[in-house]
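Scroll down for the structure; my scribbles are underneath it.
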Amino acid sequence: MSDVKKFLYVNRKAPYGTIYALESLEVVLIGAAFDQDVSLAFLDDGVFQLTRGQETDEIGVKNFSPTFRALGDYDVTKLYVERESLEERGLTEDDLQEITYEDEDDDWAEKPSIRVVSRAEMTDIMAQQDVILSF
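For what it's worth, this note's numbering labels the leading residue of the sequence shown as 653, then goes sequentially.
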């Protein structure tokens with residue numbers, strides 16, 4: 653039985669105009685496939701990665717926001733969003749996509765994956781991780 657490490661992938665960049673967001677998603681899916689305890693944090697412009705209704709046709713890139721909805725299938729169910737980052741950008745929780753997972757310990761009930769936390773809570777979450785990767 654290998655030791656499960658806690659990985660936190662920190663996303664600070666806006667989703668388009670950079671390849672970072674897409675790369676972090678791919679890395680997350682790989683990490684999850686190896687049975688690590690993977691969570692994601694969205695800070696600063698990274699919160700835009702989770703906003704709903706992203707229209708990408710005009711800028712000619714693939715809209716990968718639906719990929720976030722597949723994370724639950726890989727047991728990635730903790731998406732932490734910093735409240736202050738939302739507020740500083742005029743966003744609220746209502747602007748975020750609905751991303752859910754099925755909780756096998758609770759009769760497969762659908763639960764929200766996104767958890768909006770304060771900056772202080774985010775600091776605590778980061779302190780609990782074994783590995784933090786920033787994108």
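Ideal Cβ placement from N, Cα and C applies to all residues, glycine included.
{"Asked": "Paired residues, beta bridge with Lys658 - DSSP", "Found": "Asp689"}
{"Asked": "For Ile751, the three-state DSSP class (helix, strand or coil)", "Found": "coil"}
{"Asked": "Given Tyr726 as reference, the closest of Ala666, Leu695, Val662 and Val680 once Cα atoms are compared", "Found": "Val680"}
{"Asked": "Counted within 10 angstroms of its Cβ, other Cβ atoms place Met778 as buried (16 or more) or exposed", "Found": "exposed"}
{"Asked": "Helix, strand or coil at Val728 according to DSSP, with G and I counted as helix", "Found": "coil"}
{"Asked": "Exposed unless 16 or more other CB atoms sit within 10 angstroms - verdict on Gln780", "Found": "exposed"}
{"Asked": "N-terminal and C-terminal residue of the beta strand (DSSP E) that Ala722 is part of", "Found": "First-last for Ala722: undefined, no H or E at that position."}
{"Asked": "Beta-carbon proximity check, Val733 vs Leu723, cutoff 8 angstroms", "Found": "no"}
{"Asked": "Rounded straight-line distance, which links the Cα of Arg721 to that of Glu750", "Found": "8 angstroms"}
{"Asked": "As assigned by DSSP and simplified to three states, the class of Arg735", "Found": "helix"}
{"Asked": "Contacting residues, own chain, Cβ-Cβ under 6 angstroms from Asp755 (five flanking each side not counted)", "Found": "Ala761 and Lys763"}
{"Asked": "Buried versus exposed, by CB contacts within 10 Å (16 or more), Ala772", "Found": "exposed"}
{"Asked": "Rounded Cβ spacing between Val656 and Gln688 (contact assumed at less than 8 angstroms)", "Found": "6 angstroms"}
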